[in-house]
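First residue of the sequence shown? That's 13 in this note's numbering, and the numbers climb one at a time after it. Virtual Cβ for every residue (Gly too), placed ideally from N, Cα, C. Here is the structure we will look at, set down as structure tokens.
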Amino acid sequence: MATPKIKSKTSTPQKSNHAGERPVAPKAAPKPKRFKSAYSKAEMEEIFRRFSVQRPEPKGELEHVNPFTLVVAVALSAQATDAGVNKATRALFKIADTPEKMLALGEEGVTQYIKTIGLYRNKAKNVIALCRMLIDEFGSEVPKTREELIRLPGVGRKTANVVMSMAFGVPTLAVDTHVFRIANRLLMAPGKTPDEVEENLLKVIPDQYLFHAHHWLILHGRYCCKARKPECERCVIADLCRSPEKTVDVPAPLVELPQQLIGEAVE
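The structure is reproduced here in structure tokens:
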């Protein structure tokens, strides 16, 4: 068997292809792909203008009496209907509308009120832990910043955004399943994750419409652009829509609709 040749450790470095030319520097990493909506600024203005005419004062369904009960209600609503949460919290909030009163009930006490809600044992544990943190670290007051809110047990970014908007009037954009679907289906602000969709929507939604944008997109998704089959004939933005799934190009009449609560429709 032939003995393989062993390269000398003192071999001279390779020369450049061109005499006197400096080694070529490695290419810089490609810049992140910039997000681009399928709609112009003027089109986005018109889309949300129509939403504002159709539903001037959109409202959420979750019942609450103060920021604390709102935090609890939104945390309980994960993987549950708003109607189901309201049914459970009406009696609960009558006797426990502060962190101290809720903590006095204890985990088992809270469980007795919310056992009709999915994942109720884990949620009861989070509610009690949330109360302790509010008392120990925030003087029993619900914090107003996202960074502080998401520290609370059972509170994620979406819940924090809802609380900031509904309790403190801060324009935010909570991305739920409906908002995520609309942003991607309409090519308005496509993204692979809720955080990415939120970031992209904030870049394209006109400032004057941002406060209610979350509710408008949810209602549009619940009542018109439904998950299984969009009802394009009922859509007020059908002429502007860029979705490859749309079936009509003529928009529905733009009229104010009766009050519709965020959580009352079923797909």
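In the three-state reduction of the DSSP assignment, Lys241 falls in the coil class. Per DSSP, the continuous alpha helix (DSSP H) segment holding Gly118 begins and ends at 111-126. Counting only unbroken stretches of 4 or more residues, the alpha helix (DSSP H) elements lying wholly within the region 188-242 are 189-197, 206-216, 222-235, in sequence order.
Excluding residues up to 5 positions away in sequence, Ala250, Asp251 lie with their Cβ nearer than 7 Å to the Cβ of Asp261 in the same chain.
With distances taken between CA atoms, Arg163 lies nearest to Leu142 out of Arg133, Glu58, Leu142. Within 10 angstroms of the beta-carbon of Lys106 lie fewer than 16 other beta-carbons, which makes it exposed. Per the C-alpha coordinates, the member of Phe150, Val182, Leu231 positioned closest to Thr189 is Leu231. Burial of Asn212 is indicated by the presence of at least 16 other C-beta atoms within 10 angstroms of its C-beta. The Cβ neighbour count for Gly151, taken over all protein chains shown within 10 Å, is under 16; the residue is labelled exposed.
Annotation: Arg46 is outside any alpha helix (DSSP H) and is labelled neither H nor E by DSSP.
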